[in-house]
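S.K.:
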Amino acid sequence: MCPSDEGQSSINLSDPFARMIRRTFLGARRALSPRGLRFVSGGEIIEDVSERAARPHLTEQASLYVHWPYCLRRCSYCNFNKYIPREDNQHVMAACLQREAETLLQLSQVSRITSVFFGGGTPSLARPSTIGAILETISRRVTLSDKAEVTLEVNPTPAGMSKMEDYCRAGVNRFSIGVQSLQDDDLKILGRDHSSHQALQTIEEAQRLCPGRVSVDVMFGRPRQSAETWEKELSELLRVCDDHVSLYQLTLERGTQLFKLVQQGEATVPADDVMAKMYRRARRTLHQSGFLQYEVSNFARNTFCPCETLSPDVSLQSVCSLCPVLVIIKRSALLLGRTGLTGQPAASSPGGAGSANPPEATQGPRC
358 MCPSDEGQSS INLSDPFARM IRRTFLGARR ALSPRGLRFV SGGEIIEDVS ERAARPHLTE
418 QASLYVHWPY CLRRCSYCNF NKYIPREDNQ HVMAACLQRE AETLLQLSQV SRITSVFFGG
478 GTPSLARPST IGAILETISR RVTLSDKAEV TLEVNPTPAG MSKMEDYCRA GVNRFSIGVQ
538 SLQDDDLKIL GRDHSSHQAL QTIEEAQRLC PGRVSVDVMF GRPRQSAETW EKELSELLRV
598 CDDHVSLYQL TLERGTQLFK LVQQGEATVP ADDVMAKMYR RARRTLHQSG FLQYEVSNFA
658 RNTFCPCETL SPDVSLQSVC SLCPVLVIIK RSALLLGRTG LTGQPAASSP GGAGSANPPE
718 ATQGPRC
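Letter by letter, the sequence shown follows residues 358 to 724 of this note's numbering.
1. Exposed or buried, what is P716 when buried is set at 16 or more other beta-carbons lying within 10 Å of its beta-carbon?
2. Which residues in the same chain as V529 place their Cβ atom closer than 6 angstroms to its Cβ, once the five residues preceding and following it in sequence are excluded?
3. Return the chain-ordered ranges of every beta strand (DSSP E) run that is complete within the region 451-476 and spans a minimum of 3 residues.
4. Give me, in chain order, the residues of the same chain whose beta-carbon lies closer than 8 angstroms to that of A432; leave out the 5 immediate sequence neighbours on both sides.
5. Do E417 and S468 have their C-beta atoms closer together than 8 angstroms?
6. When you compare the CB positions of Y427 and L492, do they come within less than 8 angstroms of one another, or not?
7. Express the C-alpha separation of L607 and L429 in angstroms, rounding to a whole number.
8. Quick one: is H551 buried, meaning 16 or more other Cβ sit within 10 Å of its Cβ, or exposed?
9. Skipping 5 residues on each side, what residues in its chain have a beta carbon closer than 6 angstroms to that of Q447?
10. At what residues does the beta strand (DSSP E) containing V631 begin and finish?
11. Quick one: measure Cβ to Cβ for G535 and D574, integer angstroms, because I've assumed they're closer than 8 angstroms.
12. Is the beta carbon of M632 sitting closer than 8 angstroms to the one on A563?
13. Smallest Cα separation from S420: which of Y605, A657, F475?
14. Using the rule of at least 16 other Cβ atoms within 10 Å of the residue's Cβ for burial, across every protein chain shown, is G477 buried or exposed?
15. Per DSSP, E506 is paired with what?
16. Measuring straight from C-alpha to C-alpha, what distance separates T460 and V423?
17. Using a Cβ-Cβ cutoff of less than 6 angstroms, which residues in the same chain neighbour D543 once the five nearest sequence positions on both sides are dropped?
18. Taking 8 angstroms as the threshold (C-beta atoms), are Y605 and M308 in contact?
19. If we count the other Cβ atoms within 10 Å of its Cβ and call it buried at 16 or more, is T625 buried or exposed?
20. Using alpha carbons as the reference points, say which of A639, C525, L454 lies closest to T586.
21. Among all the DSSP beta bridges, which residues are the ones paired with I534?
22. Given a cut-off of 8 angstroms, decide if A556 and H601 are closer than it, judged by their beta-carbon atoms.
23. What is the rounded straight-line gap between the Cα of D503 and the Cα of N512?
24. My assumption, with CB atoms under 8 angstroms, is that L539 sits in contact with E588. Please give the rounded CB distance.
25. Pick out whichever of R498, V653, V619, P515 has its Cα sitting closest to the Cα of L462.
26. Closest to S583 by C-alpha separation, out of T514, P627, V653, would be which residue?
27. Excluding the five sequence neighbours on either side, which residues of its own chain have a C-beta within less than 8 angstroms of the C-beta of A458, listed in chain order?
28. Grab the span of the beta strand (DSSP E) containing Y422 for me, first residue to last.
29. Take Q558 and list the residues in its own chain whose beta-carbon comes closer than 7 angstroms to its own, dropping the five residues that flank it on each side.
30. Name the one or two DSSP bridge partners that Q606 has.
31. In terms of DSSP beta bridges, what is N655 paired with?
32. Report the residue from V619, N655, D629 whose alpha carbon sits nearest the alpha carbon of A603.
33. Does the distance from the C-beta atom of W425 to that of T514 stay below 8 angstroms?
34. Restricting to Cα atoms, I'd like to know which of M450, G489, D541, E561 is closest to D523.
35. If we ignore side chains and look at the alpha-carbon of each, how far apart do V671 and E652 end up?
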């Protein structure tokens, strides 16, 4: 929730970092509920304090999204807000994220974090010690329950898989695997740096470490894909992961490499009616397998409906009635140049540093 004047006074506003975070927090034109807190033009805040008692849960708990905006390369379909670092200085990256977490949690005045989601970008590039340090920072500022869900997105590469056990020791208890496809030729077209065999290996390892807490991302509407091959591929995927599935239709984003290939006639994607058929068949297959569809792209079993259904906009702090507070951490990438680490925006990024593209949203797959 928005800090009171008393809460704001504890923020050191002589610190440029704190001022920037506060401007973002206060400047959002966002209504928190039909009544009560309002964000208005100019960053002023109007709140009916008398209504806080009617919604105390909104001031007590939050789900936290931590954005790791770094990748080693850009996939051919991706236009998300990400950077390719010129050097690997995890100490500086961790320090920025820890500092931002403390500032945002202090501003929000929440007392308990119910779930944490590390997305990107490629958060599996982070060292387990970095993830652990961020979680420790959160625990020092607010209550992070032992039962809290802590999810990390993992690229199914040997490098990512080799660190999964250490991530669990650092506090991660759920993995989201960016499979995208089980067809090697399609993975190459998408610019992915893993094979279908590596994807299956990574899922198996994740299931061993976090049984019942594994999600897979898979994309349909890929070049040369048919409804029949898609149905077979999904069935194969369900044989190895039956916890949670995120289905994403490939979206051709202007400025991406794949968009250019299609525009130049070097690649073709299925027609809209074919992609609609793919989606219907996928829904039918998942429903028949016992999955609950709780969001347009997300399906879960074992009564497992994580908070990632609230697709965040990484440009501002968001609040949803289903999840009392969703705090977004994303601005550290803009500060690395001030702290000794310079990051180079990926060449094909249309949005650049100020892009508001979400790392995981219903309109397209994350990397």
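Every residue gets a Cβ at the ideal spot worked out from N, C-alpha and C, and that includes glycine.
M.R.: Short version:
1. Caution is warranted here: a pLDDT of 32 is assigned to P716, below 50, making its placement in the model unreliable, and the coordinate value is therefore given only provisionally. Buried, because 16 or more other Cβ atoms sit within 10 Å of the Cβ of P716.
2. V507, L509
3. none
4. Here the sequence assigns Cys to residue 432, which means Ala is not the residue at that position. Only L547, G548, R549, C724 meet the Cβ criterion.
5. yes
6. no
7. 21 angstroms
8. buried
9. R484, T487
10. Looking at the DSSP string, V631 is not in any beta strand (DSSP E); the run it does join, the alpha helix (DSSP H), is 629-645.
11. 5 angstroms
12. no
13. F475
14. buried
15. S472
16. 13 angstroms
17. R579
18. The structure shown does not extend to residue 308, since the chain spans only 358 to 724, so no value can be given for it.
19. exposed
20. A639
21. V511, V573
22. no
23. 26 angstroms
24. That belief does not hold up - the Cβ atoms of L539 and E588 are roughly 12 angstroms apart, past 8 angstroms.
25. R498
26. P627
27. L421, V423, I491, T494, I495, R498, I686
28. 418-425
29. M518
30. F577
31. S603, E652
32. Note that residue 603 is Ser in the sequence shown here, rather than Ala. For S603, the nearest C-alpha among the options comes from N655.
33. no
34. G489
35. Confidence is the limiting factor: at V671 the pLDDT is only 38, short of 50, which leaves the residue's position unreliable, though a coordinate-based value still follows. Near 19 angstroms, if we compare the C-alpha coordinates of E652 and V671.
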